[in-house]
Structures are given as structure tokens and as C-alpha cells.
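Using my numbering, the first residue of the sequence shown is number 217, and each one after it goes up by one.
Heads up, the beta-carbon is just placed ideally off N, CA and C, and yes, glycines get one too.
From a predicted model like this one, the values you see are computed outputs, not experimental measurements.
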Amino acid sequence: MITQIIVCARGIFVNFLFVEYPKCSTCQKAKKWLDAHGVSYDSRSIVEQNPSAAELKEWVARSGLPLKRFFNTSGRKYQALGLKDRLPQMSEAEQLELLATDGMLVKRPLLVGSGLVLAGFREKEWEAALEG
Numbered sequence: 217m218i219t220q221i222i223v224c225a226r227g228i229f230v231n232f233l234f235v236e237y238p239k240c241s242t243c244q245k246a247k248k249w250l251d252a253h254g255v256s257y258d259s260r261s262i263v264e265q266n267p268s269a270a271e272l273k274e275w276v277a278r279s280g281l282p283l284k285r286f287f288n289t290s291g292r293k294y295q296a297l298g299l300k301d302r303l304p305q306m307s308e309a310e311q312l313e314l315l316a317t318d319g320m321l322v323k324r325p326l327l328v329g330s331g332l333v334l335a336g337f338r339e340k341e342w343e344a345a346l347e348g
């Protein structure tokens, strides 16, 4: 069983934060994986509560991943906005603000813990990060 407990300033205990689009099959698969491995988490719908630019900036820094990895590059909105060609000309701040405007632009699922942030579900990557 994998359990991560974070003590907040108010002394409240929380687990991992699982940011998802509930209708996404990859998110559903990741959720099943977390449940099967006994990982405690709190769910947050990316549509109902999109991450803020500040949250995204912190998560990108903690993840060690490039900012581009936080974009849902296969999503319709990403493609409709022509972001493949536009992102290289945008500053990091502009990219973060854009991500914060619409949860459908954000790569999902996201798993956020005190010492890690995982973007997208790659079973081997999650296994190594959580069980290693």
C-alpha cells in the first residue's frame, strides 16, 4: 500500500491530489491503478476546478518536466488554437496563463504530492515514482 500524508498549516491531513477529467479513459485507467495499489488521493475535476497559473507554475517546477509536457497536445482545443506553432513564441508566463483558462488544455491526469508531480498516466513511470 502506498500512502502519503501531508500535514497542512491547519493540521489537516490530505493525500495525493488526483486532477482528472472524469470522462477521460486514461484518467479512469489511472484511477483504477491508484485504487489497485492502495494509493490514497483526493479527486479534482479539471473541468470544474481548473488549475490556476500559480498552481501550474509550482507543479511544473516540482515535476522537473518541461512546461510543454503539461499541455494536452492531442486535445481538440490545443489543435483548434494552433498551439503547436504558437507555443514556441509564447513566454512561460503566457503559456501558464493560457493553461489556466481551460482545463481541456491541460495534460491529464495529474498526480500531485508533496515531493512529486506526475503529468499523464504512464504506468511504469507512476510505479517507479510511487513504489520505488
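For residue j and residue i, believed in contact at Cβ under 8 Å, the rounded distance
i	j	result
Phe-234	Gly-329	About 10 Å separates the two Cβ atoms, so there is no contact after all.
Leu-312	Ala-344	Between Ala-344 and Leu-312 the Cβ distance is about 27 Å, and since that is not below 8 Å, they are no contact.
Phe-286	Val-263	Going by Cβ atoms, the distance from Phe-286 to Val-263 rounds to 16 Å, so no, they are not a contact pair.
Pro-238	Ser-261	6 Å
Leu-327	Leu-272	Not confirmed; about 14 Å, so no contact.
Endpoints, the beta strand (DSSP E) within which residue i is located
i	result
Glu-264	Taken as a continuous stretch (DSSP letters only), Glu-264 belongs to no beta strand (DSSP E), as it is neither H nor E.
Leu-233	232–236
Residue i - partner residues in DSSP beta bridges
i	result
Phe-286	In the DSSP output, where bridge partners are listed per residue, Phe-286 has none listed.
Val-333	Val-328
Val-204	In this structure the chain extends from 217 to 348, so residue 204 is not present and cannot be described.
Residues near residue i in its chain [Cβ-Cβ closer than 6 Å; skip 5 each side]
i	result
Arg-278	Val-333
Cys-243	Glu-236, Tyr-237, Arg-324 and Pro-325
Gly-336	Lys-323
Gly-227	With a pLDDT of 37 at Gly-227, under the threshold of 50, the modelled position of this residue cannot be trusted; read the value that follows with caution. Counting only Cβ-Cβ distances below 6 Å, and skipping sequence neighbours, we find nothing.
Ala-252	none
Where the alpha helix (DSSP H) containing residue i begins and where it ends
i	result
Leu-314	308–317
Leu-281	Per DSSP, Leu-281 belongs to no alpha helix (DSSP H) and is neither H nor E.
Separation of residue j from residue i, as counted between CA atoms
i	j	result
Lys-248	Gly-280	25 Å
Arg-302	Ser-241	28 Å
Gln-220	Trp-342	Interpretation of Gln-220 is limited by its pLDDT of 46, a score under 50 that renders its predicted location unreliable; the figure taken from the coordinates is listed afterwards. Taking the straight line from one Cα to the other gives about 14 Å.
Nonlocal neighbours in the same chain, by C-beta distance under 8 Å from residue i, ignoring five residues either side
i	result
Lys-300	Thr-289 and Tyr-294
Lys-245	Phe-337
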